[in-house]
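Residue numbers (the working numbering): 9 to 419.
Glycine included, every Cβ here is placed at the ideal spot set by N, Cα and C.
Bear in mind that the values here come from a model prediction, so they are computed numbers and not experimental data.
The block underneath contains the structure these notes are about, expressed in structure tokens.
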Amino acid sequence: MEFNDSPEEAAWRTEVHDFLEKEFPPEFRGRGPRRGPAAAAASEGEGPSEGEGLFRGPNEGDPMKRWRTALTSRGWVAPAWPKEYGGAGLDTKKQFIMNEEFAEFGAMNVGGFGVMMFGPTLIVHGTDDQKKEHLPGILNGSTQWCQGWSEPNAGSDVASVQTRAIRDGDDYVINGQKIWTTGAQFADMMYMLARTDPDAPKHRGISYFMLDMKAPGVTVRPLMTMAGSAVFNEVFFENVRVPARNRLGEENRGWYIGTTTLDFERSSIGSAVGIRKQLEGIIRFSKEHPELSVGSGKHATQIALADRWIEALVARMMSYRVVSMQNAGLIPNHEASMCKLFTSEMGQKIAALGMKLTGMYGTILGGAPQYSAAGRFGTGYIAAVSSTIAGGTSEIQRNIMAQRGLGLPRD
Ligand SMILES: Cc1cc2nc3c(=O)[nH]c(=O)nc-3n(C[C@H](O)[C@H](O)[C@H](O)COP(=O)(O)OP(=O)(O)OC[C@H]3O[C@@H](n4cnc5c(N)ncnc54)[C@H](O)[C@@H]3O)c2cc1C
């Protein structure tokens with residue numbers, strides 16, 4: 009692994025940096041990293057809301073529109089997609105550098121699930137007609153996608169999905185329920201898994217569909233999280249008709265197409281820079297308010313901050329490992345799980361440290377008058393809980409590391 013940028017990579021870093029200096033809306037500046045709901049809440053200040061960037065809210069503001077336009081003009085909405093499909097065709101190292109620079113600025117990507125997960129799957133598995141129909145809307149932001157996989161009895165074990173799809177002429181008729189569907193209340197389309205053959209072994213009876221969220225029979229019910237935001241939803245299907253041309257790949261082969269989407273989810277490693285910025289926020293706060301940690305508490309805080317700082321460096325090395333594997337054409341597997349596990353648990357430890365430092369002031373949402381910034385540590389602490397569940401729980405990551413990394417038996 010080469011840790012320093014090559015001359016070409018250094019030039020690329022400068023190009024991204026200059027672009028951000030020029031184009032990133034001043035309204036969003038200085039408000040900390042935006043990597044996901046937990047980080048958004050844990051980071052500095054009141055930046056764009058959790059939904060912005062990840063998916064388009066009903067009242068997308070002007071700064072976000074400007075930002076979207078700036079990214080689109082460069083093909084940077086989808087940095088990883090091949091150029092022929094409207095992406096920037098960047099190699100993994102350049103994407104990583106871009107992510108690092110974006111995290112330094114607290115800048116968010118705008119493509120959401122469509123760019124990160126569904127688009128790449130469609131490029132691999134879709135027909136020409138399907139690509140023509142759906143890729144442009146993902147790139148120009150006119151079509152927002154959500155991911156309909158989890159169900160009340162199918163989360164870690166997604167292959168147990170029970171939502172049924174029955175063929176009826178040129179359509180499939182869908183009945184069932186999804187849960188934890190992020191952004192469903194804003195989405196135009198859902199990529200989803202449904203059971204087409206209940207008699208087949210569970211992995212072989214699932215098909216992959218593109219479902220219109222405005223179709224008759226779709227009901228979306230937002231779920232309020234304990235962090236006080238409606239990030240995700242329950243989605244109910246009652247005799248929803250999906251045209252057969254909206255099936256991706258062969259009938260009953262949906263699980264294998266779905267694993268492609270999962271690979272993209274697992275390989276989109278959160279930038280370690282975002283975590284470091286979170287920690288920097290706590291260090292700054294602790295310097296501004298030395299009266300909050302005194303005596304032995306001061307010593308304990310110093311040690312904890314040093315420990316977290318070392319871990320942030322370790323997280324960076326882990327990200328580098330995954331990126332260098334991808335750059336060498338290898339597919340990170342348990343390595344990506346290690347990275348996800350370490351960074352998500354570390355994010356929780358950092359959030360806990362922020363809470364410990366601020367004490368009771370951190371529990372006042374919105375902040376106490378004399379420590380207005382403390383409120384964000386409380387929100388961040390609550391929001392960080394989900395980071396070890398979303399995208400595969402810590403237990404599932406440990407299973408992958410044990411079986412595929414250490415070669416241990418399944419049970
Ligand atoms: C912020 C957030 C956003 C999300 N967004 C989406 C979305 O957009 N679309 C979507 O489809 N889903 C989404 N999810 C759902 C997410 O994928 C599931 O929550 C996750 O896969 C876990 O499934 P579950 O909640 O059903 O828990 P379960 O699978 O029921 O697990 C319960 C507990 O049992 C443990 N466990 C389960 N199986 C094993 C095992 N084999 N070995 C050891 N322990 C095990 C788990 O680790 C966990 O502690 C989101 C979740 C979160 C938190």
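Best match in Glu31, Lys222, Ser81 and Pro87 for proximity to Ala96 [C-alpha to C-alpha]: Pro87
Any heavy atom of ligand 1 closer than 7 Å to the Cβ of Trp188? yes
Drop a sphere of 10 angstroms on the beta-carbon of Asp142, count the other beta-carbons inside from all chains shown, and report buried for 16 or more, exposed for fewer. Per the sequence presented here, residue 142 reads as His, with Asp not at that position. Its Cβ being crowded by 16 or more others within 10 Å, His142 is buried.
Suppose the cutoff is 7 Å on Cβ atoms and the five residues either side in sequence are ignored; what does the same chain contact list for Leu231 look like? Ala238, Phe240, Asn241 and Glu242
Could you tell me whether any non-hydrogen atom of ligand 1 is closer than 7 Å to the CB of Thr267? no
Need the endpoints of the beta strand (DSSP E) that Ser164 sits in, please. Premise fails: Ser164 is in no beta strand (DSSP E) and is neither H nor E.
DSSP three-state call for Thr77: helix, strand or coil? helix
Thinking just about the alpha-carbon of each residue, which of Ala398, Leu98 and Phe36 is nearest to the one in Pro73? Rather than Pro, the amino acid found at residue 73 in this sequence is Lys. It is Phe36 whose Cα lies nearest to the Cα of Lys73.
Buried versus exposed, by CB contacts within 10 Å (16 or more), Val250: buried
Would you call Thr22 buried or exposed, if buried means 16 or more other Cβ atoms sit within 10 Å of its Cβ? exposed
Could you check the C-alpha separation between Met409 and His342 for me, to the nearest Å? 5 Å
Quick one: is Gly303 buried, meaning 16 or more other Cβ sit within 10 Å of its Cβ, or exposed? exposed
Val239 beta carbon near ligand 1 (any heavy atom closer than 7 Å): yes
In whole angstroms, what is the alpha-carbon distance linking Arg203 and Gly370? 46 Å
Tyr328 - containing alpha helix (DSSP H), residue span: Gly303 to Asn335
Nearest to Gly399 by alpha carbon, out of Thr351, Thr366, Ile182 and Gly375? Thr351
Given 7 Å as the limit, tell me if Asn407 has its C-beta closer than that to any heavy atom belonging to ligand 1. yes
Where does Lys306 land, buried or exposed, given buried means 16+ other C-beta within 10 angstroms? exposed
Kindly examine ligand 1 and report whether one of its heavy atoms sits closer than 7 Å to the Cβ of Ile404. yes
Using the DSSP secondary-structure output, state which residues sit across from Pro251 in a beta bridge. Asp179
Would you say Asp207 touches ligand 1, meaning its beta carbon is less than 7 Å from a heavy atom? no
Take the Cβ of Met363 as the centre, count every other Cβ of all protein chains shown within 10 Å, and call the residue buried at 16 or more, exposed below. buried
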